[in-house]
Structure formats: C-alpha cells, structure tokens
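Novice: Numbering-wise, the sequence shown is residues 1 to 498 according to my numbering. The structure under discussion is supplied below as structure tokens; questions concerning it will follow.
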Amino acid sequence: MEAEKIFVFDTTLRDGEQVPGCQLNTIEKIEVAKALEALGVDIIEAGFPISSPGDFNSVVEISKEIKTPVICGLTRAVKKDIEVAADALKFAQRPRIHTGIGTSYYHINYKLKSNQKEILERAVEAVKYAKKFVEDVEFYAEDAGRTENEYLARVIEAVIKAGATVVNIPDTTGYTLPDEFGNKIKYLKEHVKGIDRAIISTHCHNDLGMATANTMAGVINGARQVEVTMNGIGERAGNTSLEEVAMIIRSRKHLNLYTDINAKRIFKTSRLVSTLMRMPIQPNKAIVGRNAFAHSSGIHQDGVLKNRENYEIIDPKSVGILESSIVLTARSGRAALKHRVEKLGYKLSNEKLEHLYEEFLNLADKKKDVNDEDLHVLIGKEQRGPRSIELKSLQVVCGKSTHPTATVTLNVYGTCYTESAMGNGPVDAAFTAVKKIIKKKVRLEEFLIQAITRGSNDIGKVHVQVFYKGVMYYGFSASTDIITASVEAFVDALAQIE
Ligand code: KIV
Ligand code: ZN
C-alpha cells in the first residue's frame, strides 16, 4: 500500500506566538514564515487578523511573501472576524480561513453562556459565511478534547455539510490521554456522515506532557493533518512539537505515513525560532535540545562508537546537525563565511551578509574558532527587526574585594543616555544603571545563561524575562562576554515594551 501524506499545519506564528511577551514584529514573522516554507510545511497559520493591527499586517505581508504553503488566518465564529481575516488574506495564493467555536460543556455554559443547539447553528453559520470569501475553510471545535463525542460528531457533520474542508479537533487544555484522543478521532471517522470529504486535524496542547503522544494517537486513528509549532512553543506548556511528529513519522516506517518536511532544515529552523522569539530550548528537548544527541556515560559512548544505532535512533545529521569540518577564524574571508552560511541553508541579502561579516569578525577576535552553532546565533540576531533601544557601551568594575559598579550607555530612539550604578554583582549593577535610564518599574522574572558548546572561551546565551504592567517580555542575546550578553538581553526585553 502506498504511504499516506500527513499535512503539517504550522501554528508557530499564531498559537506559538500567543506566549505572553513573545510577540514578533512583522519583519521577524516574515523571516520565520520563509524558514517554515523552506522547511516544507503545508500550511502556515500566520495570525489572528482581528486581534490587532500588527497581526492583521503580518498576515497581509506573509501572504505576499510566501508562495507555496497555504496561508491561514484564525477567526472566532463571528462575522466581523471572518471579514477581517478574508481581507488580510487577499494577497495569499492559497488562502484558508480557520474559524470555530467552543463545544465543551465548560465553553458552552461558562464562556459562551449558550446551549448546544445554538452553538451548532453558530458553527454552521460561520463556515457558510467564510465560504463566501474562500474555498478552503477549516473549522475548529475548541476544547474538543473535553467535548462529548456524540455532540462533537453532530457539530462536525453539520460543518462538513456547510462546506468545511478541514475539521480541527483541538485538545485545547491538554487534558486527554492518548487512547482517549485516538478513540475520539476513530469515533468521528465511524459516526460522522461525509467525514471523508474533509481532512481531520489534530491540535494538541502539552499541559500534561502528552501533546505529541495524543497527536500520534490521532494520526494512527485517521487524522491526516497535524497542528504543531517549532520547538513545541505555545501558551502554558506549549503545543505539539513539529520536529517530534515529523521525526516519529520518518523513523517509524511501519506507520506507512510521510510528511513533506525537509528534516535537514529542522535544527536551523529550531534555532531561528528560539532566537527570534527569545525562547530558550530545554537542553534535553527531543530532537533539537543541546543534549539530544550527547552521550555522556562511558557505556553509551563505547556503544555509539561501535555502532551509532546501538544508542541512537536518529542520525543527528538527518535533522541538520552537521559535524562541521570547517571552523572559521578571524582570517576567514567573506567568501568562506558566505559559503558556510549557505551550507547551513541560509540565504542572506548582500547587506545582511556584510553586517554578519562584521559581527563574525568581532566574535572571531574574541573566540579563536567560530563553529556552526555560533553562526546560527549570529544569523538569528541578524534576522531580527530594528530595535528601539540598543546597548551602545558597557563598562564594569568588579572582582573580589571590589564593589561592583557599572556604567551603561543606551541608544534610546536615536539619543544616547549614560548612567552608572552599583550592585551586588556586575549584572545587578548594570541592570540598575539600565533601569535608571529607562525609568520603568520592571521586574526581572527569569535570567538564564547557557554556554553553547562548553569551554571558557565559549559564547554564552542569555535569556531573560521581564515583567511590566501585567505582561511578560522576553529578551535574548549571546556573546563571549556574558555580562554584555546579559545586559543586551535585558535591553532586548525592554525594547519590546517600547
Ligand atoms: O487550542 C485551541 O483550541 C486553539 C484553537 C483556536 C484552534 O488554538
Ligand atoms: Zn491551541
């Protein structure tokens, strides 16, 4: 029997981007969308157009730039939402409207204050209305995971009759067990008249750590689209990870399924999303974590050396982790850098390449050998949009028996300001100086330093979370000087408040 295709619906730019404070600007969203297109996703959910002018604009710009995948916009089952989404998608080659409504007892009674009959009617009306604008209409039954199967089947049957091309069964709260979720999909396959006219989609959240298991249970029982995000990012515990599902389908041949994901681009896409969204990747994250392929115990190392497959089920090269034979140094020219950047799968404009080269030389001055991981970080920083606040200079005095003092100069909307402060350490002193300039009551919630490859001359990556007026803002930077990286990450988060 011929292998069946699983459509990959990426929602990094919509559900993934819903992480409070993790918002990207339009330029950054376009970079991510291009990377997703190159990765081979079938559908990009580009945003929720009615939610903000920024989201609307991003959907418009992504629709203009991206040619191959379907571009999708989210709506509630509300006419105005649908009209705005249709407008945002007007330049898309292949537009899709994703509309829906809550179907669980909780949503119907407490969120929508309605009843099952009315919700079913609103669902049908929304699909019919969306069909007036686009052919491809996906319907989501929010909180389907906690919706009784019999009612869910009635809603799904009605929306397919109304013209839905895809029916999304979200486990919105990440509550179900794999066998429950799998059985839900099986139930719909067996009880919904006309189910073969639509593609069943999974959309699982990871609140109990079961998003990937539930997604696969759905696929095994007949779902043919998976809604996923890069690195599994998303609100709360996140969404199903794209890389996990793609590699399960690729590794477990007996499933007789395939996706069009170009696995070799997984690693760099993961790093790009992490850098642009300022979201760290846990070191033990499946497929893309720093330790995902690191063997430290003697028995494992010995086994891998004898035969990689003794302890590795995936060849790291297959997801694009290259054991680089070329390390660049301060003597490497532009051509060598360009060649390596292209080998890693990036296409940069001449202007960006020139700027990258300057950054590369700065790094190579401080760190003898510049490897692929370092380049991923530099390129990620390069692809960010312009910043309203930037660190211009930093001077710290610290050490044993010294009172740590820092002097910071920031460029704020084109004007430079300098302040000094003392603290209980160099980072504390520098952050206090920054706060004196910014004059905002912010609270530092998290401060994480990770070394990229180990060794004292290594780059340190810094992620910070800053809380301001009820919202969390994320910042990221990387440098061989961890104090500079820390202040840059802090300033990066503050720039997002602006
Ligand atoms: O989790 C969810 O139910 C959603 C829908 C809006 C598709 O994100
Ligand atoms: Zn969701």
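By construction, the Cβ of each residue, glycine as well, lies at the ideal position given by its N, Cα and C atoms.
(1) Is it a yes or a no for the region 8-23 touching the region 36-55, going by three-plus beta-carbon pairs under 8 Å?
(2) From F48 to G16, what does the alpha carbon distance come to, in whole angstroms?
(3) Sorry if obvious, but does the Cβ on H205 come closer than 7 Å to a heavy atom of ligand 2?
(4) Helix, strand or coil for M277 per DSSP?
(5) Let me check one thing: in DSSP terms, what residues is I97 bridge-paired to?
(6) With DSSP as the reference, identify every bridge partner of H205, one or two as the case may be.
(7) Kindly examine ligand 2 and report whether one of its heavy atoms sits closer than 7 Å to the Cβ of T229.
(8) Run through the DSSP bridge pairs and tell me what E390 is partnered with.
(9) Compute the beta-carbon to beta-carbon distance between L344 and L378, rounded to the nearest angstrom, for a pair I have assumed lies under 8 Å.
(10) Should S401 be labelled buried (16 or more other beta-carbon atoms within 10 Å of its own) or exposed?
(11) Given this structure, state the Cα-to-Cα distance separating E354 from R334, to the nearest angstrom.
(12) Helix, strand or coil, according to DSSP, for M1 in the structure here?
(13) Can you tell which of Q282, R278, I313 has the C-alpha that lies nearest to the C-alpha of R250?
(14) Name, in chain order, the residues that DSSP records as bridge partners for Y106.
(15) Thinking just about the alpha-carbon of each residue, which of S479, K34, H107 is nearest to the one in E373?
(16) Which ranges would you report for the beta strand (DSSP E) in the region 104-189 if only whole runs of at least 3 residues count?
(17) So, are the CB atoms of N206 and N239 less than 8 Å apart?
(18) Could you tell me if M422 is buried or exposed, where buried requires 16 or more neighbouring beta carbons within 10 angstroms of its beta carbon?
(19) Under the assumption that L272 contacts V32 (Cβ atoms under 8 Å), give the Cβ distance between them as a whole number of angstroms.
(20) Taking a contact to mean a Cβ-Cβ separation below 8 Å, would you say T418 touches V408 in this structure?
(21) A158: which of D136, E121, Y311, I169 sits nearest, CA to CA?
(22) Does any heavy atom of ligand 2 sit closer than 7 Å to the C-beta of T550?
(23) So, E61 versus T26, is the Cβ gap smaller than 8 Å?
(24) Quick one: give me the first and last residue of the alpha helix (DSSP H) that Q496 is part of.
(25) Going by the DSSP bridge assignment, what does G534 pair with across the sheet?
(26) Just to confirm, does G100 get its C-beta within under 7 Å of one of the non-hydrogen atoms of ligand 1?
(27) So, for T275: in the same chain, excluding its five sequence neighbours on each side, which residues have a beta-carbon less than 7 Å away from its beta-carbon?
(28) Assign F7 to one of three DSSP states: helix, strand, or coil.
(29) According to DSSP, is R384 helix, strand or coil?
Specialist: Answer, in terms of the structure:
(1) yes
(2) One-based indexing of the sequence shown puts residue 48 at position 48. One-based indexing of the sequence shown puts residue 16 at position 16. Each residue's alpha carbon lies about 12 Å from the other.
(3) Against the sequence shown, residue 205 aligns to sequence position 205. Yes, the beta carbon of H205 sits closer than 7 Å to at least one heavy atom of ligand 2.
(4) Taking the first residue of the sequence shown as 1, we reach residue 277 at position 277. In the structure shown, M277 sits in a helix (DSSP, three-state: H, G or I).
(5) In the sequence shown, counting from the first residue as 1, residue 97 sits at position 97. Note: I97 sits in a beta bridge opposite G73, V137.
(6) Numbered from 1 along the sequence shown, position 205 holds the residue referred to as residue 205. DSSP output for H205 lists N239 as bridge partner(s).
(7) Here residue 229 corresponds to residue number 229 of the sequence shown, with the count starting at 1. No, since every heavy atom of ligand 2 falls outside the 7 Å radius drawn around the Cβ of T229.
(8) On the sequence shown, position 390 is the one that residue 390 refers to. DSSP, once it has assigned bridges, lists N411 as partnering E390.
(9) In the sequence shown, residue 344 corresponds to position 344, counting from 1. In the sequence shown, residue 378 corresponds to position 378, counting from 1. At roughly 11 Å, the Cβ-Cβ gap does not stay under 8 Å, so L344 and L378 are not in contact.
(10) Numbered from 1 along the sequence shown, position 401 holds the residue referred to as residue 401. That one is exposed.
(11) To locate residue 354, count along the sequence shown from 1; it is residue 354. To locate residue 334, count along the sequence shown from 1; it is residue 334. So the alpha carbons of these two residues sit roughly 8 Å apart.
(12) Against the sequence shown, residue 1 aligns to sequence position 1. Coil at M1, not helix or strand.
(13) For this step, residue 250 is matched to residue 250 along the sequence shown. Among Q282, R278, I313, the Cα nearest to that of R250 is on I313.
(14) Taking the first residue of the sequence shown as 1, we reach residue 106 at position 106. Beta-bridge pairing links Y106 to no other residue.
(15) By 1-based counting over the sequence shown, the position of residue 373 is 373. Of the candidates S479, K34, H107, the one whose C-alpha sits nearest the C-alpha of E373 is S479.
(16) 136-142, 166-171
(17) Within the sequence shown, the letter at position 206 stands for residue 206. Within the sequence shown, the letter at position 239 stands for residue 239. In contact: N206 and N239 (Cβ atoms closer than 8 Å).
(18) Within the sequence shown, residue 422 is the residue found at index 422, counting from 1. It counts as exposed.
(19) Locating residue 272 in the sequence shown gives position 272, counting from the first residue. Locating residue 32 in the sequence shown gives position 32, counting from the first residue. The Cβ separation is near 7 Å, so the contact holds.
(20) Along the sequence shown, read from residue 1 onward, the residue named residue 418 stands at position 418. Along the sequence shown, read from residue 1 onward, the residue named residue 408 stands at position 408. A contact, by the Cβ cut-off of 8 Å.
(21) Counting from one through the sequence shown, the residue named residue 158 turns up at place 158. The residue with the shortest Cα to Cα distance from A158 is E121.
(22) Nothing can be reported for residue 550, as the shown portion of the chain is limited to 1 through 498.
(23) For this step, residue 61 is matched to residue 61 along the sequence shown. For this step, residue 26 is matched to residue 26 along the sequence shown. It is a contact, given that the beta carbons lie within the stated cut-off.
(24) By one-based count along the sequence shown, residue 496 stands at place 496. Looking at the DSSP string, the run of the alpha helix (DSSP H) that includes Q496 is 482-497.
(25) There is simply no residue 534 to check, as the chain begins at 1 and stops at 498 in what is shown.
(26) Residue mapping note: residue 100 aligns to position 100 of the sequence shown, counting from 1. Correct: G100 has its Cβ closer than 7 Å to ligand 1.
(27) Here residue 275 corresponds to residue number 275 of the sequence shown, with the count starting at 1. Around T275: V377, G380, K381, F476.
(28) The residue you call residue 7 lines up with position 7 of the sequence shown. Residue state, collapsed to three classes: strand.
(29) The sequence position of residue 384 within the sequence shown is 384, counting from 1. If DSSP states are grouped into helix, strand and coil, R384 belongs with coil.
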